[in-house]
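For the sequence shown, position 9 (counting from the first letter as 1) is numbered 9 according to the UniProt record's numbering, and the numbering increases by one without interruption. Even glycine gets a Cβ: it sits at the ideal position worked out from N, Cα and C. Data block below; observations after.
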Amino acid sequence: MTLALRGTEEDVLADARLIGSELATNAFVSGSPPLVLCVDRRGLASGGLEIEITVTDGGCSRPAPASPTAPDEQAESGRGLVIVDALADAWSLTTGTSGSRAWCRLTHRPCSSSADA
């Protein structure tokens, strides 16, 4: 992830790392091999950056949740999709016995400073 996003601002890189880790962990815990993580970055005409993170696996028998729900405060797991939902601009999760796919997009737009005005 760090190599694919080399030169990206640290806060954007931190969000991408966290999302990638959460999606990969979900695939590892709930899915089956093979697990594949893909990171794609595109520069935007506005000077911003769009990052897409996709994790696929060999499938799982549990259906994808309709929306992420926060776990009980004392729960040791179950926060992954809540985190993804909070940080990503868009995301989706599709599960099935022959393959599962989790995808998200982060869009970073550069801040315009008052010195530019």
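Item: Using CA atoms only, rank isn't needed, just tell me which of Ala27, Ala64, Gly43 is closest to Leu37.; Value: Ala27
Item: Between the C-alpha atoms of Asp85 and Leu93, what's the straight-line distance to the nearest angstrom?; Value: 11 Å
Item: Using only the alpha-carbon positions, how far apart do Ile83 and Arg41 sit?; Value: 21 Å
Item: So Gly43 and Arg109 are supposed to be a Cβ contact under 8 Å. How far apart are they, rounded?; Value: About 12 Å separates the two Cβ atoms, so there is no contact after all.
Item: With H, G and I counted as helix, E and B as strand and the rest as coil, what does DSSP make of Glu22?; Value: helix
Item: Applying the 10 Å Cβ sphere with the 16-neighbour rule, what's the burial state of Asp57?; Value: buried
Item: Using CA atoms only, rank isn't needed, just tell me which of Cys60, Gly99, Val29, Ala14 is closest to Ile51.; Value: Ala14
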